[in-house]
């Protein structure tokens, strides 16, 4: 059986970034892979992200994976000084955690600890 496809949303500009992570009433955890154009988004983490979806109920409703070129989002410039990947975790409109490097165990642990509770059936 093939691994689930990882869906990452590419941030197109600052307005797009803010409309996602700072949206009022947005319940999801946002995991942002910040990169610079010469390096591109971190592909090493894709298998780790793919393994999370089946382990977290309603993953897509509770967590969104983003990629963002720091040149397109000025507030992310300070997070892109090296070629090492930088993962930023936003919850309830606030930056709550940062991880530098393709550290799958640390990123996975952070997602499990920060992802909001599953929606309750009505």
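In my numbering, the protein residues as written are 37 to 158. In this text, a Cβ means the ideal position worked out from N, Cα and C, and glycines have one as well. Since the structure is predicted, the reported quantities are computational estimates derived from the model, not experimental observations.
Problem - Bounding residues of the alpha helix (DSSP H) (the contiguous stretch that carries residue 147) - result: Taking the first residue of the chain shown as position 1, residue 147 is located at position 111. Its alpha helix (DSSP H) spans residues 140–150.
Handout entry: The beta strand (DSSP E) enclosing residue 134, as first and last residue numbers
Key = As a working mapping, residue 134 is identified with position 98 in the chain shown. Its beta strand (DSSP E) spans residues 130–136.
Practice task
Report buried or exposed for residue 126, applying the criterion of at least 16 other Cβ atoms within 10 angstroms of its Cβ.
Solution key: Indexing the chain shown from 1 puts residue 126 at position 90. The residue is buried, with at least 16 neighbouring Cβ atoms inside 10 Å.
Handout entry: Nearest neighbour of residue 98, chosen from 84, 89 and 104 [CA to CA]
Key = To locate residue 98, count along the chain shown from 1; it is residue 62. Of the candidates 84, 89 and 104, the one whose C-alpha sits nearest the C-alpha of residue 98 is 89.
Practice task
Out of 138, 144 and 109, point me to the one whose CA is closest to residue 79's CA.
Solution key: Position 43 of the chain shown, counting from 1, holds the residue named residue 79. For residue 79, the nearest C-alpha among the options comes from 138.
Problem - Proximity winner among 148, 84, 134 and 130, relative to residue 60 (alpha-carbon distances) - result: Here residue 60 corresponds to residue number 24 of the chain shown, with the count starting at 1. Selected option, being the one with the closest Cα: 130.
Handout entry: Three or more C-beta pairs below 8 Å linking the region 97–117 and the region 44–58
Key = Judged by Cβ distances under 8 Å, the region 97–117 makes contact with the region 44–58, as three or more pairs qualify.
Practice task
Could you spell out the range, first to last residue, of the beta strand (DSSP E) harbouring residue 102?
Solution key: Stepping through the chain shown from its first residue, residue 102 is reached at position 66. Element bounds for residue 102: 99–105.
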